[in-house]
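What follows is a short report on a single structure.
2 protein chains.
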Amino acid sequence: MKAVSIKNPGGSEALEIQEKPIPEAKEGQLLVKVKASAINRTDIMTRENKQLSKPYPILGVEVAGVVIENNNVNHKELVPGTRVAGLVNHGGYAEYVAMPSDRAIIIPDNMSDEEAAAIPEVFLTAYQTLYWLGNLKPEETVLIHAGASGVGTAVIQLAKKMTKAQVIVTAGSDEKLQFCKELGADKLINYKEEEFDQIVLDYTKQKGVDLILDFIGASYWKKNFNSIKTDGRWIVIGVLGGAIVENVNLGMLLQKRITLKGTLLTPRSDEYKAQLTNEFIENVMPYFEKKLIKPIVDTIFMLEDVAKAHRYMEESKNTGKIILKIKE
Amino acid sequence: MKAVSIKNPGGSEALEIQEKPIPEAKEGQLLVKVKASAINRTDIMTRENKQLSKPYPILGVEVAGVVIENNNVNHKELVPGTRVAGLVNHGGYAEYVAMPSDRAIIIPDNMSDEEAAAIPEVFLTAYQTLYWLGNLKPEETVLIHAGASGVGTAVIQLAKKMTKAQVIVTAGSDEKLQFCKELGADKLINYKEEEFDQIVLDYTKQKGVDLILDFIGASYWKKNFNSIKTDGRWIVIGVLGGAIVENVNLGMLLQKRITLKGTLLTPRSDEYKAQLTNEFIENVMPYFEKKLIKPIVDTIFMLEDVAKAHRYMEESKNTGKIILKIKE
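Sequence order for the protein chains is H and L. Going by this note's numbering, 116 is the number at position 89 of the first sequence; the sequence numbering is gapless. Going by this note's numbering, 216 is the number at position 189 of the second sequence; the sequence numbering is gapless.
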């Protein structure tokens, strides 16, 4: 089968289509014929990871496709022909992939493969950070940076549709902000034109927000600190603005009684991903079926154009997800 | 009545005995004749606080004494003559104090006033950090610095007697460590002679601890980071080793999926303190009644010697609590 791996760790030019054997569905797994996969920052990190040793893995941590074979007696409902989407540990950029069957989300009939591939990573991350880690409650206020990103667009929808929380977003262009508004965001901040902490404090009557979802890290540290309420929760899920904070005042952390949590979804255990998927299917998929929440697809690239797709993400051009489509 | 306040914010010489009116028990409060109070670091911070404006408060955040008057119809059991201990927002270093009645812990008959005054602040803090914030579970391992301090001695006892967790302590002398061992600590580290992170990693088979209770802050930052397990919880309740960390790697926070929480008990709401006290009475007081857990009193000073008592704490000479006794 065709699959995307790397020659050696490096830039987008390191990506290449290789011929690989079709994987085997081990006990508890499905063999899925992949219709679409999607690009994530974790793929870029893998692509660049100089610690990686050969044989290099097939990239890609999520897919949508069709069940070919089911090797799990506890999930008999997933008969061959069932359309499913879900997280895979790696191997998503390929014509076939093995997926633990307890991560399979059955795709609603009225949803395309490309839309379905836009769900697992960002919506599960959004669900995990808002609810499992962030404990978001109705009437609370959440600040989300990179509102037009994949996770951003998922967070806005979950926080508004499921919890009726107040949502403040930052983004780098008025176009992106307008898109966030259409998804339900209550307060829009163009971080290139305004000091977001000042706007947040004004909007919250100087109290600050209950919850921050932070992909940015170091470069926003001080302003996030200013923006958070006493007893607030602050979840760090990325460090696009740098990892090293030069001066952290723990005294202020005590005074404000802040909870700071670092998290990543990809390295979590199979059991964790299964539990998360299970709860997600129950609580969130009905919103997709009724089209109250929607997957946000920015651009669809063919598998062969994977290097272009990576560059597109690295330039932060996207609003929502970048999809890889696999030819029939 | 006699009460301890300050001339002006400053060192221990700023403390003075003043004549003050006996406070009134407002609705929901008890008037308590104070038999003993105790010294806390928060009192030292108040004493030094240059932002404080006149009239300066009476110091002291915990007492043991006798109910003189009860102005709460919902707590009729607290009749005059009942012996109680509990947190007060301030005013503990005095002959009388007003205390919200939902913070009153009835003192077991077999416990002295001085012992009872050694309970509220450190045991409620230990309970809050271990369970409400730290979510300690049986079979987990907790690292506690300043094991012989007031909070340290409370944490060791709760973690061992209530949860049967593994407890690793650090302290600065072998005498203090021996005392921690008698309270139940499993692993002792003299931080002046050993690198605690190396010992912790060896003891936990390179996994690290599930929970850190950290009074130290900046000077232990890196070693705490090394000592914590993936998915570990790290509660910062003091910054005796400095507040400013010069270089924090958020990338590592993500990789290890660490939860970092800052907390302080004294500034929390009345409602929070009432709930905490209530749960504490139910879950922990039976252990005191059966003498399975004991208040740790280091030294008893008379109220008039309060400046000496503050200096004694500032020199970290104590193992357990420093008590102020009020003359009959």
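Cβ atoms here follow ideal geometry from the backbone N, Cα and C, with glycine treated the same way.
Put simply, the CB of H/Leu280 is near chain L, with a gap under 9 Å to one of its CB atoms. H/Glu148 and H/Gly259 have their C-alpha atoms roughly 25 Å apart. Listed along chain H, the residues sitting closer than 7 Å to L/Val272 by beta-carbon distance are Val275, Leu277. One Cα belongs to L/Gln45, the other to L/Lys29, and the distance between them is close to 6 Å. Using beta-carbon distances, L/Ala173 does not count as an interface residue toward chain H, since no partner is under 9 Å. Around the beta carbon of L/Gln56, 16 or more other beta carbons sit within 10 angstroms, so the residue counts as buried. Taking each of H/Asn67, H/Lys164, H/Thr109, H/Gly38 in turn and checking the Cα distance to H/Gly118, the smallest one comes out for H/Asn67. Taking 7 Å as the Cβ-Cβ cut-off, the segment 238-261 of chain L approaches chain H at Gly244, Ala245, given in chain order. At a Cβ-Cβ threshold of 9 Å, L/Ala336 and L/Phe242 do not count as neighbours.
Within the segment 169-222 of chain L, the runs of alpha helix (DSSP H) that reach at least 4 residues and sit entirely inside it are, in chain order, 177-184, 201-210.
Taking the Cα positions, H/Gly211 is about 22 Å away from H/Trp261. When secondary structure is reduced to three states using DSSP, L/Glu96 falls in the strand class. For the segment 282-295 of chain H, the set of positions with a beta-carbon nearer than 9 Å to some beta-carbon of chain L reads Gln282, Lys283, Arg284, Ile285, Thr286, Leu287, Lys288, Gly289, Thr290, Leu291, Pro294, Arg295 in chain order. For L/Ala144, no beta strand (DSSP E) segment is defined; the enclosing uninterrupted segment is the alpha helix (DSSP H) at 140-144. Neighbours of L/Val263 in chain H, taken as residues at a C-beta separation under 7 Å, are given in chain order as Leu277, Leu280, Leu281. In the structure shown, the three-state DSSP call for L/Glu341 is helix. Residues of chain H whose Cβ lies closer than 8 Å to the Cβ of L/Val266 are, in chain order, Leu277, Gly278, Leu281. In this structure, L/Gln233 lies away from H/Leu291, with their beta-carbon atoms at least 9 Å apart. For H/Arg130, the three-state secondary structure derived from DSSP is helix. Ranked by Cα distance from H/Lys317, the options H/Gly37, H/Asn137, H/Ile95 are led by H/Asn137. Judged by DSSP secondary structure, H/Asp241 falls within the beta strand (DSSP E) whose first and last residues are 236-241. When the five nearest sequence neighbours on each side are left out, the beta carbons in the same chain lying within less than 6 Å of the beta carbon of L/Val266 are those of Gly244, in order along the chain. Looking at the DSSP output, L/Leu58 shares a beta bridge with L/Glu96, L/Ala125.
Under DSSP, H/Ala63 forms a beta bridge with H/Ala91, H/Lys352.
Each residue's CA atom was taken as its position, placing H/Tyr123 and H/Ile95 some 9 Å apart. Comparing alpha-carbon positions, the option among L/Arg130, L/Ile349, L/Glu167, L/Lys256 lying closest to L/His102 turns out to be L/Arg130.
With a minimum length of 3 residues, the unbroken runs of beta strand (DSSP E) contained wholly in the segment 228-302 of chain L fall at 236-241, 255-263, 286-289. The C-alpha of H/Lys81 lies about 26 Å from the C-alpha of H/Met329.
L/Asp224 carries a helical assignment under DSSP once its states are collapsed to helix, strand and coil.
Listed in chain order, the non-local C-beta contacts of H/Leu160 below 7 Å within the same chain comprise Ile262, Lys288, Thr290, local neighbours out to five positions each way being set aside. When DSSP reads this structure, H/Phe328 sits in a beta bridge with H/Leu351. In terms of CA proximity to L/Leu351, L/Val333 leads the group L/Thr69, L/Gly37, L/Gln184, L/Val333. The way I'd put it, the segment 141-156 of chain L does touch the segment 61-77 of chain L; three or more beta-carbon pairs between them come closer than 8 Å.
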